[in-house]
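Q: Line by line, the protein sequences are chains A and B. According to our numbering, the first sequence is numbered sequentially starting from 1. According to our numbering, the second sequence is numbered sequentially starting from 423. No residue lacks a Cβ here, since even glycine has one placed at the ideal position from N, Cα and C.
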Amino acid sequence: MPTATMTQSTSSQSTPLDAEAIRADFPILERRVHGLPLIYLDNAASSQKPRQVIDALTRYYEHSNANVHRGVHTLSEEATAQYEGARAKVASFVGSCCPKEIIWTRNASEAMNLLAQSWGRANLKRGDRVLLTEMEHHSNIVPWQILAAELGFEIAYVRVADDGTLILDDLSKLLAGRTKLVSFTYMSNVVGTINPVKELTRAAHRAGALVHLDACQAVPHMPVNIEELDVDFMSFSGHKMLGPTGIGALWGRRELLNAMPPWMGGGDMIREVHLTGFKPSELPWKFEAGTPAIAQAIGLGAAVDYLEQVGMAAIHQAERELTAYAMQRLPEVEGLRILGPAADKRGGLVAFTLGDAHPHDIAAVLDNLGIAIRAGHHCAQPLHERYCIPASARASFYLYNTKEEVDLLVKALHKVVEMFTF
Amino acid sequence: MDLYAEEILDHYKHPRHFGHLDDPTLTYHDRNPLCGDEITLELQIADGKVADVAFTGHGCAISRAAASMMSEEIIGRSLDELRGWNKESILDLLGIEVGPVRIKCALLPLKALKAAVWGLGEDE
Numbered sequence: 001m002p003t004a005t006m007t008q009s010t011s012s013q014s015t016p017l018d019a020e021a022i023r024a025d026f027p028i029l030e031r032r033v034h035g036l037p038l039i040y041l042d043n044a045a046s047s048q049k050p051r052q053v054i055d056a057l058t059r060y061y062e063h064s065n066a067n068v069h070r071g072v073h074t075l076s077e078e079a080t081a082q083y084e085g086a087r088a089k090v091a092s093f094v095g096s097c098c099p100k101e102i103i104w105t106r107n108a109s110e111a112m113n114l115l116a117q118s119w120g121r122a123n124l125k126r127g128d129r130v131l132l133t134e135m136e137h138h139s140n141i142v143p144w145q146i147l148a149a150e151l152g153f154e155i156a157y158v159r160v161a162d163d164g165t166l167i168l169d170d171l172s173k174l175l176a177g178r179t180k181l182v183s184f185t186y187m188s189n190v191v192g193t194i195n196p197v198k199e200l201t202r203a204a205h206r207a208g209a210l211v212h213l214d215a216c217q218a219v220p221h222m223p224v225n226i227e228e229l230d231v232d233f234m235s236f237s238g239h240k241m242l243g244p245t246g247i248g249a250l251w252g253r254r255e256l257l258n259a260m261p262p263w264m265g266g267g268d269m270i271r272e273v274h275l276t277g278f279k280p281s282e283l284p285w286k287f288e289a290g291t292p293a294i295a296q297a298i299g300l301g302a303a304v305d306y307l308e309q310v311g312m313a314a315i316h317q318a319e320r321e322l323t324a325y326a327m328q329r330l331p332e333v334e335g336l337r338i339l340g341p342a343a344d345k346r347g348g349l350v351a352f353t354l355g356d357a358h359p360h361d362i363a364a365v366l367d368n369l370g371i372a373i374r375a376g377h378h379c380a381q382p383l384h385e386r387y388c389i390p391a392s393a394r395a396s397f398y399l400y401n402t403k404e405e406v407d408l409l410v411k412a413l414h415k416v417v418e419m420f421t422f
Numbered sequence: 423m424d425l426y427a428e429e430i431l432d433h434y435k436h437p438r439h440f441g442h443l444d445d446p447t448l449t450y451h452d453r454n455p456l457c458g459d460e461i462t463l464e465l466q467i468a469d470g471k472v473a474d475v476a477f478t479g480h481g482c483a484i485s486r487a488a489a490s491m492m493s494e495e496i497i498g499r500s501l502d503e504l505r506g507w508n509k510e511s512i513l514d515l516l517g518i519e520v521g522p523v524r525i526k527c528a529l530l531p532l533k534a535l536k537a538a539v540w541g542l543g544e545d546e
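1. Is it a yes or a no for the region 507 to 515 of chain B touching the region 439 to 450 of chain B, going by three-plus beta-carbon pairs under 8 Å?
2. How would you label alanine 295/A, buried or exposed, when you count the other beta carbons within 10 angstroms and need 16 or more for buried?
3. Going along chain A in order, which residues have a C-beta closer than 8 Å to the C-beta of glycine 481/B?
4. Leucine 456/B touches chain A at which residues, Cβ-Cβ below 8 Å?
5. What is the DSSP secondary structure of valine 90/A, reduced to helix, strand or coil?
6. Tell me where the alpha helix (DSSP H) around lysine 415/A begins and ends.
7. Taking only beta-carbon positions, decide if leucine 361/A is within less than 7 Å of chain B.
8. In the DSSP assignment, the alpha helix (DSSP H) including isoleucine 298/A goes from what residue to what residue?
9. Return no unless some Cβ of chain A is closer than 7 Å to the Cβ of proline 531/B.
10. How many Å lie between alanine 215/A and glycine 164/A at the Cα?
11. With DSSP as the reference, please indicate the residues paired to methionine 432/A in a beta bridge.
12. Just to check my reading of the structure: valine 350/A and alanine 395/A have Cβ atoms closer than 8 Å, yes? What is that Cβ distance to the nearest angstrom?
13. With a Cβ-Cβ cutoff of 7 Å, do valine 424/A and alanine 204/A count as a contact?
14. So which residues on chain B does proline 390/A lean against when the C-beta distance must stay under 8 Å?
15. Give a yes or no on whether the minimum CB-CB distance between leucine 513/B and chain A is below 7 Å.
16. Kindly indicate if chain A contains any beta-carbon less than 7 Å away from that of aspartate 452/B.
17. Among all the DSSP beta bridges, which residues are the ones paired with lysine 279/A?
18. Applying a beta-carbon distance threshold of less than 8 Å, which residues of chain B neighbour alanine 393/A?
19. Determine whether the Cβ of alanine 364/A lies closer than 7 Å to any Cβ atom of chain B.
20. Compare the Cα-Cα distances from leucine 213/A to each of Met234/A, Val219/A, Ile39/A, Tyr83/A and report the closest residue.
21. Going by CA-CA distance only, name the one from Leu242/A, Leu174/A, Ala86/A, Thr201/A that's closest to tyrosine 423/A.
22. For glycine 127/A, count neighbouring C-beta atoms within 10 Å of its own C-beta (all shown protein chains included) and say buried if the count is 16 or more, exposed if not.
23. If you drop the 5 nearest sequence neighbours on each side, which residues of the same chain put their C-beta closer than 7 Å to that of threonine 3/A?
24. Of all the alpha helix (DSSP H) runs that stay within the bounds of the region 20 to 56 of chain A, which reach a length of 4 or more residues?
25. Determine the direct distance from the alpha carbon of isoleucine 298/A to that of threonine 478/B, and round the result to whole angstroms.
26. Please report the straight-line C-alpha distance between asparagine 368/A and arginine 23/A, rounded to a whole angstrom.
27. Checking contacts by CB at 7 Å: is glutamate 544/B closer than that to chain A?
28. How is the beta strand (DSSP E) around arginine 374/A delimited, first residue to last?
29. Isoleucine 430/B to leucine 307/A, Cα distance in whole Å?
30. Which residues, in chain order, does the region 168 to 195 of chain A contribute to contact with chain B at a C-beta distance below 8 Å?
31. To the nearest angstrom, report how far apart leucine 151/A and alanine 116/A are at their CA atoms.
32. Please confirm whether leucine 425/B has its beta-carbon closer than 7 Å to some beta-carbon of chain A.
33. Taking leucine 501/B as the query, report the chain A residues whose CB atoms sit under 8 Å from its CB, ordered along the chain.
34. Quick one, which of Glu503/B, Pro531/B, Gly521/B, Arg524/B has its alpha-carbon nearest isoleucine 512/B's?
35. For the beta strand (DSSP E) containing isoleucine 461/B, name the first residue and the last one.
36. Can you tell me which of the three DSSP states glutamate 255/A falls into?
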């Protein structure tokens, strides 16, 4: 049922997704949970994987498995070509001119730790400020807190309004003085808010600060182009975008990455090593010590191929429509309160509370009905403190979710109300 | 569903010993920050035994039912005996299968009880 909020103009003329064909690509969607068909609505935590990605992993292990950058034998050359080929795919996917600007990490958390420990350690000192927001995931807070405890710089936060949007009225005050870095999320993993990246980035740059964007919830779900956004660093993870776990990336402008010191030492990150010292390798390997997650990188490359084939604009549009539909239907459930802004300001997820029912109980009842949602603070405890709630329940969507699944979610939530009402 | 057996829901909706004691001998507060469950356990001790108990806090049905059932069960028992209580003592009371994720919810009241009877972290 169309609503006013569903007519967005952000995406170009994207053709609607063929949900049935897409679903057929995801073997796990055939499984049953507690005897019922799986309804997977925990995509903000981790996405499912299409056959194409699973096949890429199998193919690599069955045909080309070897270490990269080392051997001159056939397998090592194949592995290296596929591994570096995946880097090029990911670079192009986010609009980077060159693959060497993509630094592989285990996940986005590691990407942000890399940024803090390498760039932060070299550039931050007492009297400096790092500006974050109140809606950050712990992985964009704790690495800075660890470093601030050691180096003595200040951490300030852009606050969040009741409706889940950032309060930008006093941004110039927050940026005044020695603010060296503004690090914030493209899209909140709790309230779903899509932040005004360009506006924040312009303001940060005017104030002489660099910008790091946590794009974990954006890169999998919408077209993201770093040149257009004009940010300086960006982190994202592979497993949230149809790829395997164990692979993520930090993108950075190459002049910034070149100036940064290595952060982990070991194999592959060096040009030469002597008893008296070492010279680091060049980008991107300077930051990639040890045998990397080769299969996972190749799998992520396959995931990017899949997403590009479906089309990011189409995925974004489909998720917006599904989210608008969910936000229209969920309030039918007695006592349900949605956190965050209206559908036109958010991406494909809805977090909510439900009367006195604890989110863990909500999620457990739903699980028994085959529905997977997330319950807890979603690694964003400060934001939950902001709303004075210990936890919330969250349904998050992806390209394979349907309106029928939203209907079943609503039906199941009525059952929760029945069970937990006093 | 098994996790939410009738008895569990009954203790959740009508928790026994919920509230405060006038003059508790031992008070212990504990929380499970991951899910936001919180409990404050108050014990009235006489002759080395639990004479009365009360708890407050908020949490999921499992943690609240566990606190309610545990409170009923510990009155009259000696501190020595309670020091010997373990995970099984609570799971037996609950009478349900609790998976690896929810076990923390089920055991939060026991954690508070053990800390209280071992004299750890007394508030006053």
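A: Taking the geometry as given:
1. no
2. As a first step, residue 295/A is located in the first sequence; it is residue number 295 there, counting from the start. Per the 10 Å Cβ criterion, buried.
3. Counting from one through the second sequence, the residue named residue 481/B turns up at place 59. Under the 8 Å cutoff, chain A gives His358.
4. On the second sequence, position 34 is the one that residue 456/B refers to. Going along chain A in sequence order, the residues near leucine 456/B (Cβ under 8 Å) are Gly376, His377.
5. Within the first sequence, residue 90/A is the residue found at index 90, counting from 1. Three-state DSSP puts valine 90/A in a helix.
6. Counted from its first residue, the first sequence places residue 415/A at position 415. Here the alpha helix (DSSP H) through lysine 415/A covers 403 to 420.
7. By one-based count along the first sequence, residue 361/A stands at place 361. For the sequence presented, residue 361/A should be read as aspartate rather than leucine. Output row for aspartate 361/A: interface = yes.
8. As a working note, residue 298/A is residue 298 in the first sequence. Where isoleucine 298/A is concerned, the enclosing alpha helix (DSSP H) starts and stops at 294 to 310.
9. Counting from one through the second sequence, the residue named residue 531/B turns up at place 109. No, because no Cβ of chain A sits closer than 7 Å to the Cβ of proline 531/B.
10. By 1-based counting over the first sequence, the position of residue 215/A is 215. By 1-based counting over the first sequence, the position of residue 164/A is 164. Cα-Cα distance, rounded: 18 Å.
11. Past the boundaries of the shown model lies residue 432/A; chain A is included only from 1 to 422, so the question cannot be answered.
12. Mapped onto the first sequence, residue 350/A falls at position 350. Mapped onto the first sequence, residue 395/A falls at position 395. Confirmed, about 5 Å.
13. Since the first residue of chain A shown is 1 and the last is 422, residue 424/A is not available in this structure.
14. Here residue 390/A refers to the residue found at position 390 of the first sequence. Within chain B, the residues near proline 390/A are Cys457, Gly458, Asp459, Glu460, His480.
15. Here residue 513/B refers to the residue found at position 91 of the second sequence. Cβ-Cβ to chain A under 7 Å: no for leucine 513/B.
16. Against the second sequence, residue 452/B aligns to sequence position 30. Not closer than 7 Å to any Cβ of chain A, the Cβ of aspartate 452/B fails to qualify, so no.
17. By 1-based counting over the first sequence, the position of residue 279/A is 279. Partner(s): Glu272/A.
18. Taking the first sequence and counting its residues from 1, one reaches residue 393/A at position 393. Here the premise fails: no neighbours, minimum Cβ distance about 11 Å.
19. Working through the first sequence from its first residue, we reach residue 364/A at position 364. Yes, alanine 364/A counts as interfacial toward chain B.
20. Translated into the one-based positions of the first sequence, residue 213/A becomes position 213. The shortest Cα separation from leucine 213/A among Met234/A, Val219/A, Ile39/A, Tyr83/A belongs to Met234/A.
21. Residue 423/A is absent from the model: chain A starts at 1 and stops at 422.
22. Numbered from its first residue, the first sequence carries residue 127/A at position 127. By the neighbour-count rule (16 or more Cβ atoms within 10 Å), glycine 127/A is not buried but exposed.
23. Along the first sequence, one-based indexing puts residue 3/A at 3. Note that threonine 3/A has pLDDT 38, beneath the 50 cutoff, so the model's placement of it is unreliable and the number below is only indicative. Taken in chain order, the residues that qualify are Ala324, Gln328.
24. With a minimum length of 4 residues, no continuous alpha helix (DSSP H) run stays inside the region 20 to 56 of chain A.
25. Counted from its first residue, the second sequence places residue 478/B at position 56. Counted from its first residue, the first sequence places residue 298/A at position 298. Roughly 52 Å separates the two Cα atoms.
26. Mapped onto the first sequence, residue 368/A falls at position 368. Mapped onto the first sequence, residue 23/A falls at position 23. Straight-line Cα distance between these residues: approximately 22 Å.
27. Looking up residue 544/B in the second sequence gives position 122. Unreliable placement is indicated for glutamate 544/B, whose pLDDT of 44 sits below 50; the coordinate value is still reported in the next sentence. Judged by the 7 Å Cβ criterion, glutamate 544/B is not in contact with chain A.
28. Residue mapping note: residue 374/A aligns to position 374 of the first sequence, counting from 1. Per DSSP, the unbroken beta strand (DSSP E) holding arginine 374/A starts and ends at 374 to 376.
29. On the second sequence, position 8 is the one that residue 430/B refers to. On the first sequence, position 307 is the one that residue 307/A refers to. Those two C-alpha atoms are separated by around 45 Å.
30. none
31. To locate residue 151/A, count along the first sequence from 1; it is residue 151. To locate residue 116/A, count along the first sequence from 1; it is residue 116. Rounded to the nearest angstrom, the two C-alpha atoms are 11 Å apart.
32. Sequence index remark: in the second sequence, residue 425/B carries index 3 (1-based). It does: the Cβ of leucine 425/B has a partner Cβ on chain A nearer than 7 Å.
33. Here residue 501/B corresponds to residue number 79 of the second sequence, with the count starting at 1. The contacting residues do not exist; leucine 501/B stays about 31 Å from chain A at best.
34. Stepping through the second sequence from its first residue, residue 512/B is reached at position 90. Restricting attention to Glu503/B, Pro531/B, Gly521/B, Arg524/B, the CA atom closest to the CA of isoleucine 512/B is found in Pro531/B.
35. The residue labelled residue 461/B in the question sits at position 39 within the second sequence. Its beta strand (DSSP E) spans residues 459 to 468.
36. For the purposes of this step, residue 255/A is taken as the residue at position 255 of the first sequence. Three-state result, glutamate 255/A: helix.
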